[in-house]
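Mapping the sequence shown onto full-length UniProt numbering, position 163 (from 1) lands on 163, and the numbers just tick up by one. A virtual CB, placed ideally from N, CA and C, is assigned to each residue, including glycine. Keep in mind the model is a prediction, meaning the values are calculated, not measured.
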Amino acid sequence: MSSERTGQGRKKIVIKKMTNEIHLQVTFSKRRSGLFKKASELCTLCGADVALIVFSPTKKVFSFGHPNVDTVIDRYLSLVPPQNNRTMELIEAQRCANVRELNAQLTMLNNTLDLEKRRSDELNHMLKMNQAQYWWACPIDGMNKVQLEIFKKSLEDLKILVAQQAQRAQFFETQFFQNPLFHPELFGFDNMGGQGGYGPSGFF
Numbered sequence: 001m002s003s004e005r006t007g008q009g010r011k012k013i014v015i016k017k018m019t020n021e022i023h024l025q026v027t028f029s030k031r032r033s034g035l036f037k038k039a040s041e042l043c044t045l046c047g048a049d050v051a052l053i054v055f056s057p058t059k060k061v062f063s064f065g066h067p068n069v070d071t072v073i074d075r076y077l078s079l080v081p082p083q084n085n086r087t088m089e090l091i092e093a094q095r096c097a098n099v100r101e102l103n104a105q106l107t108m109l110n111n112t113l114d115l116e117k118r119r120s121d122e123l124n125h126m127l128k129m130n131q132a133q134y135w136w137a138c139p140i141d142g143m144n145k146v147q148l149e150i151f152k153k154s155l156e157d158l159k160i161l162v163a164q165q166a167q168r169a170q171f172f173e174t175q176f177f178q179n180p181l182f183h184p185e186l187f188g189f190d191n192m193g194g195q196g197g198y199g200p201s202g203f204f
C-alpha cells in the first residue's frame with residue numbers, strides 16, 4: 001500500500017515590501033549579509049571585481065568592494081563615453097549666461113553699495129561739522145569717562161565766558177545811561193538835533 005502525500009507542497013512567497021518595520025529591518029540585515037557573501041564568493045571563484053552600495057530603509061549606507069569600491073567605480077566611470085559636443089556647448093552656453101547674469105547683479109549691488117557709502121560719508125561729515133559748531137549739543141551717551149570730563153570742563157569754560165560777556169554788556173549799558181551826552185533833555189533839547197532840529201520828538 002503506497003502512502004499518499006497529504007502535504008500542500010512548497011508555497012510560493014509573494015515578493016512585496018513588508019509593512020512591519022521590525023520584520024523589514026531583520027530581513028534587510030539578513031539579505032544584505034547574504035548579498036555581500038555572494039559577492040565575495042564571486043570575487044574568489046571568478047576573480048571578478050565587484051562593487052556594491054546598499055542604502056537601508058533608514059538611509060544608512062553599506063558597501064562592499066573588491067579590491068575596493070572606489071577602484072571599481074573609477075574603472076566604470078572611465079569606460080562611460082563622454083557627452084557629444086552639442087550637448088557640452090549647450091551646457092557651457094547656459095553656464096556662461098548664468099555667470100553674466102550673476103555678474104550684472106553683482107555690479108548693480110556694488111554700485112548701490114558705493115552710493116550708500118558716499119551718502120553715509122556725507123552724513124557723517126555734516127554731523128561732524130554740526131558737532132564742531134554746536135559741540136555743547138553733542139550726545140553724551142556714548143562718551144567715556146575722559147571725554148565726559150573734557151566735556152564738563154568745556155561747559156564750565158563756556159559758562160565763565162558767557163558770564164564775562166554778560167558783565168561786559170551790563171557795564172556798557174550802565175555807562176550809556178550815566179553819560180550826559182546820551183541824555184539831551186538835560187540841555188533843554190528834545191532830541192539830538194535841538195529844538196526844531198532833526199529826529200522825531202522823544203527819540204531818546
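Coarse secondary structure for Ser56, derived from DSSP in three states = Three-state DSSP puts Ser56 in coil, outside helix and strand.
Backbone secondary structure at Ala48 - three-state DSSP | Ala48: coil per DSSP, three-state reduction.
Status (buried if at least 16 other CB within 10 Å, exposed otherwise) for Ala51 = Around the C-beta of Ala51, 16 or more other C-beta atoms lie within 10 Å, and the residue is accordingly described as buried.
Is it the case that the Cβ atoms of Arg75 and Val54 are separated by a distance below 9 Å?
-> It is not a contact, given that the beta carbons lie outside the stated cut-off.
Mind checking which residues open and close the alpha helix (DSSP H) that includes Val72?
-> Taken as a continuous stretch (DSSP letters only), the alpha helix (DSSP H) holding Val72 covers Val69 to Leu79.
Where Gly142 sits in the DSSP three-state scheme = Coil.
In three-state DSSP terms, what is Val61?
-> Under the three-state reduction of DSSP output, Val61 falls in the strand class.
Do the CB positions of His66 and Ala48 come within less than 9 Å of each other?
-> Result yes, Cβ atoms of His66 and Ala48 sit closer than 9 Å.
Beta bridge counterpart(s) of His66 as assigned by DSSP | Among the bridge pairs identified by DSSP, His66 is matched with Val50.
Backbone secondary structure at Asn110 - three-state DSSP | For Asn110, the three-state secondary structure derived from DSSP is helix.
By how many angstroms is the C-alpha of Asn144 removed from the C-alpha of Ala97?
-> Approximately 54 Å, taken between the alpha carbons.
As assigned by DSSP and simplified to three states, the class of Thr27 = Secondary structure of Thr27 (DSSP, three-state): helix.
From the DSSP output, in three-state form, read off Val162 for me.
-> DSSP places Val162 in helix when its eight states are reduced to three.
Which of the three DSSP states, helix, strand or coil, is assigned to residue 209?
-> One cannot answer for residue 209 here, as it falls past the ends of the chain, which runs 1 to 204.
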